[in-house]
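Only one structure is covered here, and it is reproduced in the block below.
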Amino acid sequence: MQWRKQGHKVYFVSSKTMAIYDENYNISMQEKSLNIRFGRVGTAMKLLYSSYAIYMLLKHIEFDLIYMRYRIYMPFISKVLKNHKVIMEINSDDKLEYKLHSRLTDIYNRFTRDFFLKYIDAFVSVSYELKDKFIYLNRPIEVIANGINIKEYKIKSNINQNKKPILVFIGSPNQSWHGVDKIIMLAKHFKQYQFYIIGIDGENSENVHYVGYLSKEESTKIINQWDIGIGTLSLYKKGLKEASPLKSRQYLACGLPLLYAYKDTDIPDDVLFGLRLDNSEDNLNYHRIEQFVEKVFNNRSVNLKARVFAQEVLDYDKKEQSRLEFFKKVVDGK
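In our numbering, the protein residues as written are 46 to 379.
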């Protein structure tokens, strides 16, 4: 882990297991779990108990900074937060997320969130769009989009082996904003192209192939055989305009140019290895897409540019270095 490489001591605290893990991910301390059911009452009691358990666990270790993701308010945690420097990571729109989860959770989150957030000293946001939702708090906010470990990926090497363009998409089932329906529309229009969909099961056709679930290693191996990566095509269905999906970073790390339809936090609009479509329902501009595919297909220069960009901008080590520098500013009060 990059934080340890820089000489920092790191503890991992889980509210789910009610345990503290050491730097080797071994449990060093753990509170007993509470097995209560009874529906919503049981859920509320578990939330209360787990927050108390974490509060008690943290009394046994010394630390300078708490780094946590946004989560629903836990009563006893505020006792810890108010006595330490705290940075919260924002990786989703909590109001929208909890509203979709359940009405009761949404009401609880809206009622308690500002009380919770008053103890947060600074934020790390994965996008500028999410950053804007927390500007009103008047706290330092650093934007650090999602990254990848570039060392785990190799640039594609089968240049000129594919006679016709092969496009690949990595996704998950039942995620309408991925835009798989639009990939099917692309396949019907561009019958000369082949489309592979990883992570989702479906009925194959002449030029659409559903691969199903693959591990990261398996998907990376076959991505290297194909030509163009397809990113999210319907992010508007999630109520968002901006994102930094892992799949887009995987494509670029392998040297694949990218077809996508959202504002990517890291990727400028004018790069040779990317075509950004509108984030809207009718965004399949077939003429632009065909021009892009023909331009980047079997183009080694484009492959190299995509890979270099991933190394210089998207690499996990660079992201974590920026995060650590922000941590230091917050701890030092700058």
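Ideal Cβ positions, reconstructed from N, Cα and C, are used throughout, including at glycine.
- Here E174 carries a helix assignment [DSSP, helix/strand/coil].
- The closest CA to that of E263, considering only K199, Y307, S137, is found on K199.
- 8 Å or more divides the Cβ of I273 from the Cβ of L231.
- Ranked by how close their Cα comes to the Cα of A64, the residues D166, R114, Y100, C299 have Y100 in first place.
- If you look at S59, you'll find it in the beta strand (DSSP E) that goes 57-59.
- Here the stretch 313-323 does not lie against the stretch 170-180, with fewer than 3 beta-carbon pairs under 8 Å apart.
- Taking a C-beta distance under 8 Å as the contact criterion, S170 and I135 qualify as a contact pair.
- Note that the C-beta distance between I268 and Q295 is below 8 Å.
- Look at D323 here: in three-state DSSP terms it is coil, with no helix or strand label.
- In this structure, E287 is the residue among L162, E287, R155 with its C-alpha nearest to the C-alpha of N324.
- DSSP places L304 in the uninterrupted beta strand (DSSP E) bounded by 303-305.
- Residue pairing by DSSP places F240 opposite L212, V253 in a beta bridge.
- The beta carbon of R49 sits closer than 7 Å to the beta carbons of V55, E68 from its chain, once the five residues preceding and following it are set aside; these are given in chain order.
- By the 16-neighbour rule on beta-carbons within 10 angstroms, D139 is buried.
- Secondary-structure assignment with DSSP links F168 through a beta bridge to M133, I186.
- When DSSP states are grouped into helix, strand and coil, S73 belongs to the strand group.
- Segment contact: the stretch 345-361 against the stretch 209-228, fewer than three CB-CB distances shorter than 8 Å; contact not assigned.
- M113 sits in a strand when the DSSP states are folded into three classes.
- Counting of Cβ neighbours within 10 angstroms places I243 among the buried residues, the total reaching 16 or more.
- Within the same chain, Cβ atoms closer than 6 Å to the Cβ of H129 are found at I111, the five residues on either side in sequence being excluded.
- D360 is positioned such that its CB atom lies no closer than 8 Å to that of G257.
- By the CB criterion at 8 Å, I245 and Y238 fall outside the cutoff.
- In the structure shown, K266 falls within a helical segment according to DSSP collapsed to helix, strand and coil.
- Residue environment for Y143: buried (at least 16 other C-beta atoms within 10 angstroms of its C-beta).
- Note that the C-beta distance between A167 and I132 is below 8 Å.
- Nearest C-alpha to K233 among K374, E76, S250: S250.
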